[in-house]
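Have a look at the structure below before the remarks.
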Amino acid sequence: MTEYWRWKEYRWHDENIDPRKGQLITAGVDVGSVSSQAVIVIDGKLYAFSNMRTGSDSPTSALKAMDWAMEGTGMTPDDLGFVIGTGYGRVNVPFAHKAITEIACHARGANYMYGPTVRTVLDMGGQDCKVIRCDEKGKVTAFAMNDKCAAGTGRGMEVFADLLAVPIEDVGELSFQVEEEPPPVSSTCVVFAKSEASGLLRSGWPKNKVLAAYCSAMAHRVVTLLQQVGIEEKFAVTGGIAKNIGVVRRLENEIGIKALPPTLDTQIAGGLGAALFGQRLLKKKLSGE
Amino acid sequence: MKAHYGYKDGAGDFFVTIDTDMCIECKSYPCVPACPEGVLEVIVDDYEDEVAAVAMVHRKKIKYSCAPCKPGLNRPPLPCVTACGFDAIAHSW
Amino acid sequence: MITAGIDMGAKNIKVVILDGGRMIGKALVRAGFNTQESAEEAFAAALADAGITKEEVEGVVATGAGRTNAPYTDRDITDVGSDAKAVIRLYPSARTVIDVGAEEGRAIRCNAEGKVIDFALNEKCAAGAGAFTEAMSRALEVEIEDLGPMSLTSKTTIPMNAQCAVFAESEVVSLVHNKTPKQDIARAVHDAIASRIVSLARKVGFEPDIVLIGGVARNVGFVDSLERALEHKVIIPEDPEFFGAYGAALAAAEA
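Residue numbers (numbering that gives the first Met the number 0), protein chains in the order written: chain V, 0 to 288; chain S, 0 to 92; chain L, 0 to 254.
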């Protein structure tokens, strides 16, 4: 049975950096309810990361993600000077020195990924949706996090991908393959929207049109959350949803602002920010001794 | 920092917003005992400041937690908002 | 005077036929994609149940989420209004009505005349109504009719973190994966939705007698959780899902 919601897990490291020559080596482990990432930063630069599905156990997922990030680098856990846990499972990262919320970590990570001009970050994770405002240093100035309702989260999108039997990576592209943009589905609630979508399919709507209607509703919902916190340019999108142009392009149209183009995998923003927090804390610790 | 605690679902937007820059000035947190439902608490945030926040257990059901202070008719001023001397608390509904 | 009430519910369409305020026929039909057709089907079935013809019906009023689509009438009243009307008629001592349907949950406070004093709704969110227990029964791979009795065999309370039907489904799946007994999970499911309904009742300030109506009233597990959370017993009528239509039929007689 094909699992349409399953996206590819992967790892990467920078061949041009030699970890043995690094002074400050830190890691951030972001254990979300759906995905987990481990990110390694050496002397302020991103060195390696892994991105995988969170298993049934947070501590095990954290360990697996960390090991996988180090695979092929010759590094061992002893090389890590400071480890920060973040995300939903942050208190369950057994080898972390400290836990920091994903809000602060995403702001910091976005600041690295997009530069000091980024002021508003939209992150749609597996089971939450956050809007974070930050300053030029990546410090949070405002935030709203919605993890109560599946609408506007990766999970909500997965439900639809499954209903329509469309691989999650293709949802964005397919949602634009329509003759004209349909009206959005009227229910915000994923459960009710799913019934609505079933009805539309039965009445003859092609899959792509239903996808378009749902992406449109999700985009609008996210825009109202953005407006609650206020949007200041530059604007960037992180998290898995950044890869879904079906939602991103529609929300850009609605707010009239284009998101900064991603330069790195958008799902590592939290783990990256955590590792960067670790850099500062490790520096303090070493200079205090 | 303006912290918006709560959620948005099919029924609407339910956020309690706390301007934590004011908490740093206030330092006494009268809002916490003022709430009859124990929704607010003092936490140390990610930047090591002691600020007021909506307790974790209430964040996903804030509409229900705040319901006793929000009857359908003749709504009195909210105790948390009144107790705060810095105008730092706002409700979106 | 013979009147009819049509409750265009989100999941089921109910029709009640009254003669001088006394129920003489009723029918329930699953709402199909064409709700008008389903309503016509329910109406015909209710007429057959009453043993009368359509011409004998002197007034029709609609209620329910889809009331503007109801056939045979252009008069409609709110769900809240029809619930209160019907409950007071059959239970004059009732002062609080809790109505949990497939897609909406309501708490209504009314006075001795059946006039609504205050009400609170769980709307547009599956976690606040019957859609929640249905989704959870699927996640537990149990028939919805068996979910209630199964939960009563549990004596353990476990908390549910999720406040959303989609997230709760993931939570249930992981509880099952961790070998939590299904009956404990079933009880947690009912406790969760009961707490979201009790919050509505607290918001309007509930007062006895409390009458519980709507399809979910048939779920014994839910009723148990509700009474524990309210710390008060509730009255459950026969045919709890027909009260909306009953109230609408009463309104038709008041014309």
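Note that beta-carbon positions come from the ideal geometry of N, C-alpha and C, so glycine has one too.
These numbers come from a predicted model, not from an experiment.
Any beta carbon of chain L sitting closer than 8 Å to that of residue i?
i	result
residue 126/V	yes
residue 102/S	No statement about residue 102/S is possible, as the shown extent of chain S runs from 0 to 92 and does not include it.
residue 0/V	Summary for residue 0/V: the model assigns pLDDT 45, below 50, so the residue's position carries little reliability; its value from the coordinates is reported in the next sentence. Output row for residue 0/V: interface = no.
residue 72/S	yes
residue 86/S	no
residue 238/V	no
residue 10/S	yes
Check the Cβ-Cβ distances between residue i and every residue of chain S, and say whether any is below 8 Å.
i	result
residue 29/L	no
residue 203/L	yes
residue 138/V	yes
residue 227/L	no
residue 123/L	yes
residue 145/V	yes
residue 33/V	no
residue 82/V	no
residue 278/V	no
residue 195/L	yes
residue 75/V	no
residue 187/V	yes
Would residue i and residue j qualify as a contact pair, given that the criterion is a beta-carbon distance under 8 Å?
i	j	result
residue 57/V	residue 239/V	no
residue 109/V	residue 133/V	yes
residue 58/S	residue 4/S	yes
residue 183/V	residue 212/V	yes
residue 76/L	residue 247/L	yes
residue 274/L	residue 222/L	Residue coverage of chain L in this structure runs from 0 to 254, which leaves residue 274/L outside it and unanswerable.
residue 117/V	residue 25/V	no
residue 190/V	residue 130/L	yes
residue 84/L	residue 113/L	yes
residue 92/S	residue 11/S	yes
residue 233/V	residue 46/V	no
residue 45/S	residue 100/V	yes
residue 97/L	residue 59/L	no
Would you mind sorting residue i into buried or exposed? The rule is 16 or more other CB atoms within 10 Å of its CB.
i	result
residue 108/L	buried
residue 0/V	Low local confidence applies: a pLDDT of 45 at residue 0/V is under 50, so the model's placement there is unreliable, and no value is given.
residue 49/V	buried
residue 28/L	buried
residue 198/V	exposed
residue 8/S	buried
residue 85/S	exposed
residue 24/S	exposed
residue 162/L	buried
residue 176/L	exposed
residue 154/L	exposed
residue 187/V	buried
residue 57/L	exposed
residue 160/L	exposed
residue 126/V	buried
residue 140/L	exposed
residue 17/L	buried
So what does residue i bridge to, in DSSP terms?
i	result
residue 78/V	Residue 78/V pairs with nothing; no bridge assigned.
residue 52/V	34/V
residue 128/V	123/V and 145/V
residue 184/L	In the DSSP output, where bridge partners are listed per residue, residue 184/L has none listed.
residue 59/V	According to DSSP, residue 59/V bridges with nothing at all.
residue 17/S	2/S and 88/S
residue 22/S	Looking at the DSSP assignment, residue 22/S forms no beta bridge with any residue, so it has no partner.
Can you round the beta-carbon distance between residue i and residue j to whole angstroms, since I take them to be within the 8 Å contact cut?
i	j	result
residue 127/L	residue 195/L	5 Å
residue 37/L	residue 62/L	Actually they do not touch by this definition, with Cβ atoms about 15 Å apart.
residue 98/V	residue 80/V	Going by Cβ atoms, the distance from residue 98/V to residue 80/V rounds to 17 Å, so no, they are not a contact pair.
residue 51/S	residue 22/S	5 Å
residue 272/V	residue 107/V	3 Å
residue 92/V	residue 61/V	4 Å
residue 119/L	residue 203/L	5 Å
residue 266/V	residue 40/V	That belief does not hold up - the Cβ atoms of residue 266/V and residue 40/V are roughly 16 Å apart, past 8 Å.
residue 22/L	residue 252/L	That pair is no contact at about 12 Å.
residue 241/L	residue 106/L	Rounded, the Cβ-Cβ distance is 19 Å, inconsistent with contact.
Taking only beta-carbon positions, decide if residue i is within less than 8 Å of chain V.
i	result
residue 189/L	no
residue 221/L	no
residue 69/S	no
residue 2/S	yes
residue 102/L	yes
residue 162/L	yes
residue 173/L	yes
Legend entry - chain A contacts from the stretch 43 to 68 of chain S (Cβ-Cβ distance under 9 Å): The structure shown contains no chain A; its protein chains are V, S and L.
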